[in-house]
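To start, the structure itself, in structure tokens.
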Ligand code: URA
């Protein structure tokens with residue numbers, strides 16, 4: 035069957051579809067001995083010989099796996115960090131297949147992170163048109179006023195672009211620090227932190243507690259578990 039090279043690479047577990055596109059553009063992929071930099075290129079998944087890092091890229095024989103990790107602060111969500119900081123992959127010990135994070139959490143953010151070797155699902159869920167909700171508990175410096183909360187909810191301008199409407203509910207106010215439940219429907223870089231900075235209540239700590247209807251629950255920090263079939267089906271249905 036003829037399929038796009040970046041999809042073939044993702045299906046084979048080389049990287050997410052977007053990262054695979056970067057590998058192609060960087061000239062790191064060969065097809066039948068020829069470097070291919072053209073993103074539209076299609077390959078025959080039964081006949082063509084695709085190579086990456088001197089190794090033949092082949093369809094995965096292993097099952098698809100889906101993991102929920104409680105990411106601690108102090109870990110990056112890339113597979114390899116340019117500054118050699120610990121990565122979330124270092125926490126996934128006894129799983130032999132290569133998994134990739136779906137989306138990202140900042141180095142200083144903790145909470146729910148899904149990892150999988152399902153390139154198709156990763157592509158779907160990280161596509162900007164996907165507005166799956168993400169719920170956070172944020173500790174903020176000072177409690178936002180009702181006016182500031184309203185501004186937050188209506189959307190704020192970050193990098194010249196207005197964010198989609200969001201939710202904020204103050205759940206605890208301890209004077210200097212207030213806890214807020216925040217729901218956003220996009221995934222702009224450092225979005226919650228920047229939105230909170232915009233209303234002059236910077237984030238002291240941030241934890242993601244849900245992605246859509248998937249909840250972190252009692253999963254301990256640094257630990258992971260496999261998603262249930264129901265949870266996987268839910269993600270695929272989005
Ligand atoms: N928003 C942020 O600011 N940081 C995260 O890690 C996730 C959402």
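Residue numbers (the numbering used here): 35 to 272. No residue lacks a Cβ here, since even glycine has one placed at the ideal position from N, Cα and C. Nothing here was measured: the structure is a model prediction, and the numbers come from that model.
Residue 245 is bridged by DSSP to 168, 248.
When only Cα atoms are considered, residue 255 and residue 176 end up about 26 Å apart.
Under DSSP, residue 196 shares a beta bridge with 191.
Taking the Cβ of residue 43 as the reference point, every heavy atom of ligand 1 lies at 6 Å or farther away. Between residue 240 and residue 170, the C-beta gap is smaller than 7 Å, which places the two residues in contact.
Here residue 205 is exposed: its Cβ has fewer than 16 other Cβ atoms, across all protein chains shown, within 10 Å. DSSP places residue 145 in the uninterrupted beta strand (DSSP E) bounded by 143-150.
Ligand 1 has a heavy atom closer than 6 Å to the beta-carbon of residue 227.
DSSP, read as helix, strand or coil, puts residue 124 in helix. Straight across, the Cα-Cα distance linking residue 213 with residue 97 is about 40 Å.
Taking the C-beta atoms as reference points, residue 136 is found no nearer than 7 Å to residue 258. Counting only the Cα atoms, residue 119 lies some 25 Å from residue 173. Residue 200 is classed as buried because its beta carbon has at least 16 other beta carbons within 10 Å across all chains shown. Using a 10 angstroms sphere on the CB of residue 184, the tally of other CB atoms stays under 16, which defines it as exposed. A direct Cα-Cα distance of roughly 10 Å separates residue 61 from residue 68. A Cβ-Cβ contact shorter than 7 Å links residue 38 with residue 76. Separation of the CB atoms of residue 123 and residue 113 is rounded to 5 Å, and the pair is thereby assigned contact status at 8 Å.
In this structure, residue 245 lies near residue 146, with their beta-carbon atoms less than 7 Å apart.
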